[in-house]
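Going line by line, the protein sequences match chains A and B.
When the letters of the first sequence are read in order and numbered with our numbering, they come out as residues 7 to 218.
When the letters of the second sequence are read in order and numbered with our numbering, they come out as residues 4 to 148.
Positions of the beta carbon are idealized from the N, C-alpha and C atoms, including for glycine.
Presented below is the structure to which this report refers.
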Amino acid sequence: MHETTDVEPIPASGAAMNAAAALETASAPLTESARPVAATIEAFLASVERRAWRVAEIALHDPDEALDAVQDAMLRLVRHYSAKPAGEWPPLFWGILRRRITDLQRRRTVRNRILVWTGRATNDDDEELPAWEAPDLGPDPSRALASRQAHAAMSKAIRALPRRQQQAFMLRVLEGLDVADTAKAMGCSAGSVKTHLSRAMDALRTQLEDWR
Amino acid sequence: MNEMHENILNGLPGDDEIASRARAIFRTACEQADSYHTLRLGLARRKASSARPAHGALKVWAPLAGAAACCALVIGVVWLHPANRLQPSSPIAVATPAVSSQGDADEAIPDVASNQMEVVQDLDFYRWLAAQPAMASATPAGSGR
Numbered sequence: 007m008h009e010t011t012d013v014e015p016i017p018a019s020g021a022a023m024n025a026a027a028a029l030e031t032a033s034a035p036l037t038e039s040a041r042p043v044a045a046t047i048e049a050f051l052a053s054v055e056r057r058a059w060r061v062a063e064i065a066l067h068d069p070d071e072a073l074d075a076v077q078d079a080m081l082r083l084v085r086h087y088s089a090k091p092a093g094e095w096p097p098l099f100w101g102i103l104r105r106r107i108t109d110l111q112r113r114r115t116v117r118n119r120i121l122v123w124t125g126r127a128t129n130d131d132d133e134e135l136p137a138w139e140a141p142d143l144g145p146d147p148s149r150a151l152a153s154r155q156a157h158a159a160m161s162k163a164i165r166a167l168p169r170r171q172q173q174a175f176m177l178r179v180l181e182g183l184d185v186a187d188t189a190k191a192m193g194c195s196a197g198s199v200k201t202h203l204s205r206a207m208d209a210l211r212t213q214l215e216d217w218r
Numbered sequence: 004m005n006e007m008h009e010n011i012l013n014g015l016p017g018d019d020e021i022a023s024r025a026r027a028i029f030r031t032a033c034e035q036a037d038s039y040h041t042l043r044l045g046l047a048r049r050k051a052s053s054a055r056p057a058h059g060a061l062k063v064w065a066p067l068a069g070a071a072a073c074c075a076l077v078i079g080v081v082w083l084h085p086a087n088r089l090q091p092s093s094p095i096a097v098a099t100p101a102v103s104s105q106g107d108a109d110e111a112i113p114d115v116a117s118n119q120m121e122v123v124q125d126l127d128f129y130r131w132l133a134a135q136p137a138m139a140s141a142t143p144a145g146s147g148r
């Protein structure tokens, strides 16, 4: 089940970004307070599940595949790392999820190659699927729409980045992990994280000029 | 996460603004997740939480127990194998080559002064057994007439 906002091609700049700039949340301060460490693993999963799903959705461009990836990451974390200290859960969880996303992306690449050979390939980006969308019961539908459009535009811009830059940007900027935890989750050095993030910001700066 | 208080990107000032807005859009998107996927996320979390952690102790002890069992089996086989009982100094080991040649059999009979009568009886049996093929090969020729 795809969300409408994810299948509609929305330009990465222009009206959507202006709408994003008009969002109330856009004026949020740059710095975020550190998230409290969850006492139990269920509390940790509850605190991280939506963000994890959104990150996976941005990377995979498929909400259901993203949900499967998050569920698998949750299961693996509980089965193998629940005995670890709570402070180690975030990098472990995001590392598991990153690997799962990469696996799914590679599997999709292989599947698409096979489909190209068999002549049944489809372009997911241009695919128009019938989508069911829950009725919007929010107080301001126009704001919700602007928010969805901004998210779709941002997702598209992030997906245009190379995989490692995507990971660095999402873990460091969107999730707010520090450099050390991002490096653990990505399985690389802190210097590599900074390099990937710097390149990602360079690319996004040119794509998202209207954000300034 | 505490480093978020610093200049997050250590880059251009505009980068911080881009990061801030990206984070705000992301946060809003997380809050506005549709109810279907929110429900499924909750189910997935409960399923994961109810999953039993993998038993680390079992993971450690199972290979060790297997290795110990293999060692015990090997030791048992080596200890109980009949070839090991045939020590070079034992009388039967000395007597065994004697069975192969009829002429040297008498010389190979060990000293039976003590408790080795069974060995001598076995040698008698083996001697009889060694004579059987010759008798068996001779029997069909005689029965043909």
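The stretch 58-102 of chain A is shown to contain whole alpha helix (DSSP H) runs of 4 or more residues at 69-87, in chain order.
Of the residues Arg170(A), Arg82(A), Gly193(A) and Glu71(A), the one whose Cα lies closest to the Cα of Ala209(A) is Arg170(A). Val43(A) sits in coil when the DSSP states are folded into three classes, being neither helix nor strand. By the Cβ-count criterion, Trp95(A) is buried, with 16 or more other Cβ atoms from all chains shown falling within 10 Å of its own Cβ. Residue range Pro147 to Arg165 is occupied by the alpha helix (DSSP H) that includes Arg165(A). Contact check for Ala191(A) against Leu98(A) passes: the beta carbons are separated by less than 9 Å. At a cut-off of 9 Å, the C-beta of Ala65(B) has no neighbouring C-beta in chain A.
Contact check for Arg85(A) against Pro56(B) passes: the beta carbons are separated by less than 9 Å. By the C-beta criterion, the stretch 61-73 of chain A is judged not to be in contact with the stretch 73-83 of chain B, since fewer than 3 inter-stretch pairs fall below 8 Å.
For Ala163(A) and Ala54(B), the gap between their C-alpha atoms comes out near 37 Å. Residue environment analysis places Phe128(B) among the exposed positions, since fewer than 16 neighbouring C-beta atoms fall within 10 angstroms of its C-beta.
By the neighbour-count definition (other C-beta atoms within 10 Å, threshold 16), Gln155(A) is a buried residue. By the Cβ criterion, the stretch 47-58 of chain A is not in contact with the stretch 146-153 of chain A, since fewer than three pairs of Cβ atoms, one from each stretch, lie closer than 8 Å. In the three-state scheme derived from DSSP, where H, G and I count as helix and E and B as strand, Ser195(A) is classed as coil. Under the Cβ distance rule, His202(A) does not count among the residues neighbouring chain B, no pair being separated by less than 9 Å. Legend: CB atoms of the stretch 30-51 of chain B lying less than 9 Å from CB atoms of chain A belong to residues Arg30, Thr31, Ala32, Cys33, Glu34, Gln35, Ala36, Asp37, Ser38, Tyr39, His40, Thr41, Arg43, Leu44, Gly45, Leu46, Ala47, Arg48, Arg49, Lys50 and Ala51.
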